[in-house]
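To keep things clear, I will list the structure first and then write my remarks on it.
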Amino acid sequence: MIEDKIKELGYELPEAPKPLAAYIPAIKIDNLVFTSGQLPTVRGELKFTGKIGADLSEADGQRAAEISALNCLSAVKSVIGSLDQVDQIVKLTVYVNSADYFTNQPKVANGASELIGKIFGDKGKHVRSAVGVNELPMNAPLEIEMIVKVK
Amino acid sequence: MIEDKIKELGYELPEAPKPLAAYIPAIKIDNLVFTSGQLPTVRGELKFTGKIGADLSEADGQRAAEISALNCLSAVKSVIGSLDQVDQIVKLTVYVNSADYFTNQPKVANGASELIGKIFGDKGKHVRSAVGVNELPMNAPLEIEMIVKVK
Amino acid sequence: MIEDKIKELGYELPEAPKPLAAYIPAIKIDNLVFTSGQLPTVRGELKFTGKIGADLSEADGQRAAEISALNCLSAVKSVIGSLDQVDQIVKLTVYVNSADYFTNQPKVANGASELIGKIFGDKGKHVRSAVGVNELPMNAPLEIEMIVKVK
Chain A
1 MIEDKIKELG
11 YELPEAPKPL
21 AAYIPAIKID
31 NLVFTSGQLP
41 TVRGELKFTG
51 KIGADLSEAD
61 GQRAAEISAL
71 NCLSAVKSVI
81 GSLDQVDQIV
91 KLTVYVNSAD
101 YFTNQPKVAN
111 GASELIGKIF
121 GDKGKHVRSA
131 VGVNELPMNA
141 PLEIEMIVKV
151 K
Chain B
1 MIEDKIKELG
11 YELPEAPKPL
21 AAYIPAIKID
31 NLVFTSGQLP
41 TVRGELKFTG
51 KIGADLSEAD
61 GQRAAEISAL
71 NCLSAVKSVI
81 GSLDQVDQIV
91 KLTVYVNSAD
101 YFTNQPKVAN
111 GASELIGKIF
121 GDKGKHVRSA
131 VGVNELPMNA
141 PLEIEMIVKV
151 K
Chain C
1 MIEDKIKELG
11 YELPEAPKPL
21 AAYIPAIKID
31 NLVFTSGQLP
41 TVRGELKFTG
51 KIGADLSEAD
61 GQRAAEISAL
71 NCLSAVKSVI
81 GSLDQVDQIV
91 KLTVYVNSAD
101 YFTNQPKVAN
111 GASELIGKIF
121 GDKGKHVRSA
131 VGVNELPMNA
141 PLEIEMIVKV
151 K
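Respectively, the protein sequence lines represent chains A, B and C. For reference, each letter of the first sequence is one residue, going 1 to 151 in the working numbering. For reference, each letter of the second sequence is one residue, going 1 to 151 in the working numbering. For reference, each letter of the third sequence is one residue, going 1 to 151 in the working numbering.
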């Protein structure tokens, strides 16, 4: 049971995130689920704000990436009922709010990728893009979107 | 009829946008259509230029987002013949040319999401990522790409 | 034979790129292959670094885009065995590390799009988004991800 695994690892699957606007958290099209970009919010409030490499450390960024990844999983669950229906985590896109000269986006994104690996094992082996951006909604340190294949 | 609805709402579906380069405006793969990133051009000319939060207001950005969304729909139409063949708007990715400290990308992107909602109703309920970027082609204020499921 | 074509054009298909972190270079889901974002590395080392429009010229950027595109193809090959199994190049997303005021991302991205066109002909006609970003991993000048349909 995937949700038991999440708890065992010391994490909590949040309630499905509410969209900030005129869109939905996740959508299922045939056997793929696409999520909206998820910020590192806990119960609706950003847990971290600011730019990685200036306001926040890489370690903060990794923790923020874990939270965004869990919000993605929560969004996925909201449309498929149970994370046990996940057949494969397909792709993460990680947008990192980057201070000038901060070029270690992959390390920050590893916060998400490694947690996904611990939770899903081989089903968690995904492709990924990690890029820097100069600004994000509400000055969030990162935003993550996910594509998942379901059974 | 979706195109009648677009007119009723006071908008005009443009001619299919011409690509700026060595690629095509949209492609259909099985029952999904992917568009290229669309700028807020009208008859080939950018309707707005500059950064949201400095050169342009949020309201300008919302209007630009409407135009880019219509260009996406026009690109979709070019490969499926009629927008009545749209089964579901799946996803928007909205890249907002953001001045320093501008963090309201979701509000700008709502220009696109809300118009899609008015045009397509439930079939318009999509996922979305909205991120800031520091530069865009020809100093456009935003660029939007779309994924659509067709019947 | 696609690999012969690549050689004829004077290019070399690299070894499959190694991921920088906890993810994989490419994944096949039904008949689609998604790649991770690929940097312009040759045998694990970045061939170019810095921002287009400041440290690097557009021509440098186009050459970097060719290299990233080849790395994408190598990643695709790693999961489908042969590039002759490619039915259609579907989409490129090109993130360009952009100096202030550099707005010619499409021209840089053409380095990738035009090479794909030369290699694959009609099967190479893809959609594309090209956007500027302020920072990229290891100060790479660009990052490209690809979606491909296979036979």
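Beta carbons: idealized from backbone N, C-alpha and C, even for Gly.
Judged by beta-carbon spacing, B:P25 lies beyond the 7 Å limit of A:P137, meaning their Cβ atoms are not closer than that value. Of A:D30, A:K77, A:Q88, A:G44, the smallest CA-CA separation from C:F34 is found for A:Q88. B:P106 has a beta carbon lying within less than 7 Å of a beta carbon in chain A. DSSP places B:K91 within a strand segment (E or B) once states are collapsed to three.
For the region 42 to 105 of chain A, the continuous beta strand (DSSP E) assignments of 3+ residues that do not extend past its boundaries occur at 86 to 97, in sequence order. In this structure, the beta-carbon distance from B:K149 to A:I29 falls below 7 Å. For B:V90, the C-beta contacts it makes with chain A under 7 Å involve I27, I29, F34, in order along the chain. At a cut-off of 7 Å between C-beta atoms, A:Y101 does not count as an interface residue with respect to chain B.
Neighbourhood of C:V86 in chain B, by CB distance below 7 Å: empty, with the nearest CB roughly 13 Å away. Where C:I2 is concerned, the enclosing alpha helix (DSSP H) starts and stops at 2 to 8. A Cβ-Cβ distance of about 11 Å is found for the pair C:V94 and A:V131, leaving them out of contact under the 8 Å criterion. Within the region 124 to 139 of chain B, the residues whose Cβ lies closer than 7 Å to some Cβ of chain C are V133, N134, E135, L136, P137, M138, N139, listed in chain order. Beyond the five residues adjoining it in sequence on each side, A:G124 comes within less than 6 Å, by CB distance, of I89, I116, G117 in the same chain, given in chain order.
Around the beta carbon of B:M1, fewer than 16 other beta carbons sit within 10 angstroms, so the residue counts as exposed. For B:G132, the three-state secondary structure derived from DSSP is strand.
Between A:A99 and A:K51, the CB-CB gap stays under 7 Å.
Against chain A, a Cβ distance below 7 Å from B:S98 picks out N134, E135.
For C:L39, the three-state secondary structure derived from DSSP is coil. With contacts defined by Cβ atoms closer than 7 Å, B:I6 and B:S68 do not form a contacting pair.
Using a Cβ-Cβ cut-off of 7 Å, C:E145 counts as an interface residue toward chain A, since at least one Cβ of chain A sits closer than that to its own. Contact with chain A is found for B:E114, since one of that chain's Cβ atoms lies less than 7 Å from the residue's Cβ. With a cutoff of 7 Å on beta-carbon distance, B:S129 and A:Y23 are scored as not near each other.
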